[in-house]
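Okay, structure first, notes after.
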Amino acid sequence: MQRLNLFIVTGAGTGYFPWFPGTVGTLVAIPLSLALNRMAAASIPLSLLTLTAFIVGSSWFCQKGEEIFHEKDSSKIVIDEIAGFLLANFLSPAEFKSTAAAFLIFRFFDIIKVFPAGRAEQIPGGVGVILDDLIAGLYTFSILRLLFFWSFL
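Using the working numbering, the first residue of the sequence shown is number 8, and each one after it goes up by one.
In structure tokens, the structure reads:
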């Protein structure tokens, strides 16, 4: 069971990547995000339920990751980046330019920790691990909606 937990927590092992594991882990989220958005084309309620379940499950796995690695928000834990990117790119078109924009904007906000993301990281447990990524995802989602509205993407 611990092997399965490690596989999920590390984003299929990408959390072990020696350089920028969060960025590499976010790359794993791209095909998942595209699949979720295809699901949304058929049923927004079902895709929203799926996204919510993924986020809740990821929070639990983040808690498990801290227990496994014996450290707060280990860089090996990348399921939080995956959940954050799924939120960031939710309901976006399956086009290269919008997906690339989502990736770059999300990584920017995830790295710089715009308020209140830095504070959210201080919350104990899995919620603290994932919450800063969800905030980065919300910022990205909002900016993407503006870019779509203004026809920049």
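Backbone N, C-alpha and C fix where the C-beta goes; we use that ideal spot for every residue, glycine too.
Can you give the Cα-Cα distance for residue i and residue j, rounded to whole angstroms?
{"i": "P25", "j": "A42", "result": "28 Å"}
{"i": "T147", "j": "H77", "result": "31 Å"}
{"i": "A127", "j": "E73", "result": "16 Å"}
{"i": "L145", "j": "R10", "result": "31 Å"}
{"i": "A109", "j": "L13", "result": "27 Å"}
{"i": "A124", "j": "L138", "result": "7 Å"}
{"i": "A47", "j": "S99", "result": "10 Å"}
Roughly how far, in whole angstroms, is the beta-carbon of residue i from the beta-carbon of residue j, given that I think they are within contact range, below 8 Å?
{"i": "R152", "j": "A101", "result": "R152 to A101, Cβ: 16 Å. No contact."}
{"i": "S40", "j": "N96", "result": "4 Å"}
Enumerate in chain order the residues of its own chain whose CB-to-CB distance from residue i is below 6 Å, with the five nearest sequence positions on each side excluded.
{"i": "F159", "result": "none"}
{"i": "I62", "result": "A90"}
{"i": "F68", "result": "I15, V16 and I86"}
{"i": "Q70", "result": "G132 and G133"}
Flag residue i as yes when its Cβ comes closer than 7 Å to any non-hydrogen atom of the ligand FMN, and as no otherwise.
{"i": "F156", "result": "This structure does not include the ligand FMN; it has no bound ligands of any sort."}
Between which residues of its own chain and residue i is the CB-CB distance below 7 Å, once the five residues before and five after are set aside?
{"i": "D140", "result": "D87, E88, A90, G91 and D117"}
{"i": "L93", "result": "A36, L39, S40, L43, L58 and F61"}
Use the C-beta contact count for residue i: other C-beta atoms within 10 angstroms, 16 or more gives buried, fewer gives exposed.
{"i": "F113", "result": "buried"}
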